[in-house]
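Q: Quick one: the structure is below, and I'll ask about it shortly.
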Amino acid sequence: MNLKKIILILCLSFLSESFFAQNDSLRIDTLKTEKITKKKVEKQYVYDPLAPSKAAFYSAIFPGMGQIYNKKYWKAPIVWGALALPVYYYQINNSDYKRYRTAYKLRKNGLPDEFIVDGVEIVSTQTLETAQEQLRENRDMSLLTGVILYILQIVEASVNAHLIQFNTDDNLTIKPQLIFDPIRIETPSIGLTFKYNF
């Protein structure tokens, strides 16, 4: 009979312990942080397949807007400056080309032009022809440079939008380690090991 009482008391004590036990606050906190970190990781690595095309579209509409869309704000002034230079040189070369072209046409028709002062030619007709050719070539090169830079900034915005979404987690890094083999201390062995964590 005593044995039955002892077993009953032990069973009741184990049951009562589970009724009056404290909640494990650390376990609840770790569960909450695990849920929070999982949500952050899911939001961080969500792939948006339309982001590169949006960035390219914005850059095509207004240069530098794709870089702003990618949140690379410091690149926008570089794009604007890079595109402003060919525009500036195009305008200068075009206005000079028009000046020399007008002077050449006037001189061929026997009329005075801006390069004739007091009846004396400051610039010869041959020089006017050569200047026209050179200025036209410079103008065309400025236009070509501007078009190339315009296309390059569109491509840069698109590629950058692709690379922003690229997973750069620490699990993808290479961490070289030296592992010494206790059996072959005198003859070191060289090898390569890949460890995958899923």
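Numbering of the sequence shown is given in the numbering used here, commencing with residue 3 and proceeding in unit increments. In this text, a Cβ means the ideal position worked out from N, Cα and C, and glycines have one as well.
Taking all protein chains shown into account, do 16 or more other C-beta atoms lie within 10 angstroms of the C-beta of Val43, making it buried, or fewer, making it exposed?
A: Low confidence applies here, because Val43 scores a pLDDT of 49, under 50, leaving its location unreliable; read the following figure in that light. Val43 comes out exposed.
Q: State the beta-bridge partners of Val89 as determined by DSSP.
A: Paired residues: none, contrary to the question.
Q: Kindly confirm or deny that the stretch 105-117 and the stretch 79-94 touch, where touching means at least three C-beta pairs closer than 8 Å.
A: Taking 8 Å as the limit for Cβ pairs, the verdict is that the stretch 79-94 does not touch the stretch 105-117.
Q: Are Ala58 and Ser160 touching if we call contact CB-CB under 8 Å?
A: It is a contact, given that the beta carbons lie within the stated cut-off.
Q: Helix, strand or coil: which one does DSSP assign to Val43?
A: With a pLDDT of 49 at Val43, under the threshold of 50, the predicted position of this residue should be treated as unreliable, though the coordinate-derived value follows. DSSP places Val43 in helix when its eight states are reduced to three.
Q: Return the Cβ separation of Tyr60 and Tyr71 in integer angstroms, given the expectation that the two are a contact with Cβ distance under 8 Å.
A: Confirmed, about 5 Å.
Q: How big is the Cα-Cα spacing for Ser97 and Leu146?
A: So the alpha carbons of these two residues sit roughly 17 Å apart.
Q: Counting C-beta neighbours from all protein chains within 10 Å, is the total for Asp120 16 or more, i.e. buried, or is it exposed?
A: Its Cβ having fewer than 16 others within 10 Å, Asp120 is exposed.
Q: Using the beta-carbon count (16 or more within 10 Å), is Phe168 buried or exposed?
A: Phe168 should be labelled exposed.
Q: Do you know offhand how far Pro88's Cα is from Glu123's?
A: Going from the Cα of Pro88 to the Cα of Glu123 covers about 33 Å.
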